[in-house]
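Notes for the one structure printed next.
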Amino acid sequence: MERLLLTLLFVALFALSLYGMWRGWRRQAREQSVRVPPLPAVPEGLGEPLLESSGLYVATTFAGRWQQRIVTRGAGLRGPAVFRLYRDGVEVDRAGAPGFWIPRESIVNVHTARGMAGKVMGTQSLLVFTWRLRNGDRDVELDTGFRGDDLAEYRSWSEQVEGGARA
1 MERLLLTLLF VALFALSLYG MWRGWRRQAR EQSVRVPPLP AVPEGLGEPL
51 LESSGLYVAT TFAGRWQQRI VTRGAGLRGP AVFRLYRDGV EVDRAGAPGF
101 WIPRESIVNV HTARGMAGKV MGTQSLLVFT WRLRNGDRDV ELDTGFRGDD
151 LAEYRSWSEQ VEGGARA
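Read in order, the letters of the sequence shown are residues 1 to 167 in full-length UniProt numbering.
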């Protein structure tokens with residue numbers, strides 16, 4: 001009987017913890033939906049990509065705050081993705097989640113990082129796009145992280161994105 005009570009207590013505490021995490025995620029999404037406008041949709045008729053890489057979409061965070069994940073509008077869902085560079089911007093094509101567009105004129109910086117929103121590695125294994133998203137009369141600066149299958153492609157991404165931004 002004592003063992004059954006302890007087991008039920010453990011199950012109840014576990015369920016309460018899950019409920020608390022779910023409520024916190026929903027509260028954070030509600031608060032962020034005011035600060036972060038919808039992510040841009042991918043435009044039609046882009047043509048052939050200049051560069052394409054597959055890997056893992058890690059997260060989108062507020063710029064410079066690598067642990068403050070954006071959870072609103074589906075941006076907090078980590079998963080397989082393909083990043084494609086076009087003349088006008090970067091397509092983030094996520095499997096099982098809505099994709100979005102990073103316009104080239106919005107990109108501030110492309111760099112590598114060791115970690116972002118719960119994904120930390122010992123090396124500079126993440127490709128991070130810092131970009132501005134228009135929110136009414138002010139911009140919100142975001143970091144979008146990607147862990148590519150081939151880390152050697154990161155140099156090409158940096159050169160192509162930053163070279164095209166200056167052109």
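We treat Cβ as the ideally placed atom computed from N, Cα and C, and that holds for glycine.
Can you tell me the Cβ-Cβ gap for Q32 and T72, rounded? I've got them flagged as a contact below 8 Å.
Position 32 of the sequence shown, counting from 1, holds the residue named residue 32. Position 72 of the sequence shown, counting from 1, holds the residue named residue 72. Sure, about 4 Å apart at Cβ, within 8 Å.
Selected residue, minimal CA-CA separation from R81, among G74, A97, R3, A15:
Position 81 of the sequence shown, counted from the first residue, corresponds to residue 81. Per the sequence shown, residue 81 should be read as Ala rather than Arg. Looking at the Cα atoms, A97 is the closest of the given residues.
Distance check for L127 and R134, CA to CA, integer angstroms please.
Numbered from 1 along the sequence shown, position 134 holds the residue referred to as residue 134. Numbered from 1 along the sequence shown, position 127 holds the residue referred to as residue 127. When the Cα atoms are used, R134 and L127 turn out to be separated by approximately 22 Å.
Can you tell me whether S17 is buried or exposed? The criterion is at least 16 other CB atoms within 10 Å of its CB, across all chains shown.
Indexing the sequence shown from 1 puts residue 17 at position 17. S17 is exposed by the Cβ-count criterion.
Please determine, among Y86, W66, K119, the residue with the shortest C-alpha to C-alpha distance to E44.
By 1-based counting over the sequence shown, the position of residue 44 is 44. Proximity to E44 across Y86, W66, K119 peaks at Y86, based on C-alpha coordinates.
DSSP on R30, reduced to helix/strand/coil?
Here residue 30 corresponds to residue number 30 of the sequence shown, with the count starting at 1. Note: R30 maps to helix in three-state DSSP.
Buried versus exposed call for A75 [16 or more other C-beta atoms within 10 Å across all chains shown]
The residue given as residue 75 occupies position 75 in the sequence shown. Buried, by the Cβ-count rule.
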